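All remarks here apply to the structure that follows.
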Amino acid sequence: MYSKVNYTIVGFFVVLFTLALIAFAFWLSKKGLGKEYTYYQTHIKESVGGLSIDSAVKLRGINVGSVSDMYIDPNDIQKVIVTLKINQHTPIKEDMVTIIKSHGVTGLSYIEITQGSNDSKELLSQKGEMALIDNKPSLIESFSNNIDPITHNLKLAIEKFNQTLSPKNIETFSQILQNIETMTAKVVTIEEQMNTTLIAIEKSANKIDTTLKPDEINASLHHFAKTLEEYALLAQNLNRATKDFRYTVQRGDYNFKDIFEPIKVDVKESAYSFQELLYYLQKLSRSPADLIQRQTPKKFEE
């Protein structure tokens, strides 16, 4: 009799637990009933690692659906077609885009719907096909796409820099530095010679009253003034030739022969004048008395 009572109690609890389990399952299923979804597609041309079926779909950080399917496009192996199951009353605009984002350290990914404006039209399906939401490369993909040309340009810059540092260019650069050093030494030498000449001129000027006669002094000064007039005339000719050249170029008349002909004569006269001045400076530094003899060098032969 006791065993029958025990079986009855156990059976009662089993039936009660079964009914409770059925009620819970019905409540759980009822919670999902009444929800309607709209299906969209998005085409992704990057790795979908970390993304899987039932991954979350978010809009402004709020869960609005999930990933219901994804597969590789048979006509384009670089494209992954992802089907999104989104709550029906979620406003999806035509200018919205999808981006793959990561949860962080977990490595799991989800799809974020971003952008969009209130003035944009609602995205609707056409001819029985699912509406397509444009996809935007993720931050990692954008960085990868931008770093490739930067790396390529950096590589080219390094190659050009290495070409610049080739043994031939280094030798040329060293030769240039050597030439600059030689020119600097020559400038120093010329400066020393000029200082010596100026000192000699100063000494000659101090002795000019006892060495030279008044008429000889006047002749020397007259000759020096004539030389200065020649330099002034040369400067005027050069200035006039420069203006003529600028006007001719602006006008489009490129007859350089007529322009450079007076310059040719001026250059010859300038060469003679410079030679004559150098001669008198040398004579003056050696012996002021010889300057009065007015020995002039011959002009350059034309």
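Every position in the sequence shown, counted from 1, becomes a number in this note's numbering once 37 is added.
Quick reminder that beta carbons are idealized off the backbone N, C-alpha and C, glycines included.
Keep in mind the model is a prediction, meaning the values are calculated, not measured.
Host beta strand (DSSP E) of D106 (start-end):
Segment I99 to I109, the beta strand (DSSP E) holding D106.
Would you say G153 and M133 are within 8 Å of each other, going by their C-beta atoms?
In contact: G153 and M133 (Cβ atoms closer than 8 Å).
Using the Cα positions of E159 and I129, report the straight-line distance between them to the nearest angstrom.
Just so you know, the alpha carbons of E159 and I129 end up roughly 6 Å apart.
How about S84 and Y147: do their beta carbons lie closer than 8 Å?
Contact check for S84 against Y147 fails: the beta carbons are separated by 8 Å or more.
For I90, is the classification buried or exposed, using 16 other Cβ atoms within 10 angstroms of its Cβ as the cut-off for buried?
So I90 counts as exposed.
So, at 7 Å on beta carbons, what are the nonlocal neighbours of E73 in its own chain, with the 5 sequence-adjacent residues on each side left out?
Close CB contacts of E73 within its chain, under the 7 Å cut and outside five residues either way in sequence, are with Q125 (chain order).
For G35, tell me which candidate among G87, E131 and F63 has the shortest Cα-Cα distance.
Given that the chain is displayed from residue 38 to residue 339, the structure contains no residue 35 and the question cannot be resolved.
Could you please give me the residues that DSSP links to A62 through a beta bridge?
Paired residues: none, contrary to the question.
Going by DSSP in three states, N124 sits in which element: helix, strand or coil?
Strand.
Could you check whether Y77 and I170 sit closer than 8 Å to each other, using their CB atoms as the reference points?
Yes, Cβ-Cβ distance for I170 and Y77 is below 8 Å.
For S5, I'd like the list of residues in its chain whose CB is within less than 7 Å of its CB, leaving aside the five on either flank, ordered along the chain.
Residue 5 lies beyond the range of the chain shown here (38 to 339); nothing can be said about it.
Report the rounded CA-to-CA distance for L96 versus K164, giving the unit in angstroms.
Between L96 and K164, the C-alpha separation is close to 26 Å.
Whole-number beta carbon distance between T135 and I150, since they are thought to touch under 8 Å:
Correct: roughly 6 Å between the Cβ atoms.
Which value, in whole angstroms, describes the spacing of the CA atoms of I59 and D110?
Rounded to whole angstroms, I59 to D110 spans 42 Å at the Cα level.
To which residues does DSSP link S139 through a beta bridge?
BP columns for S139 point to S146.
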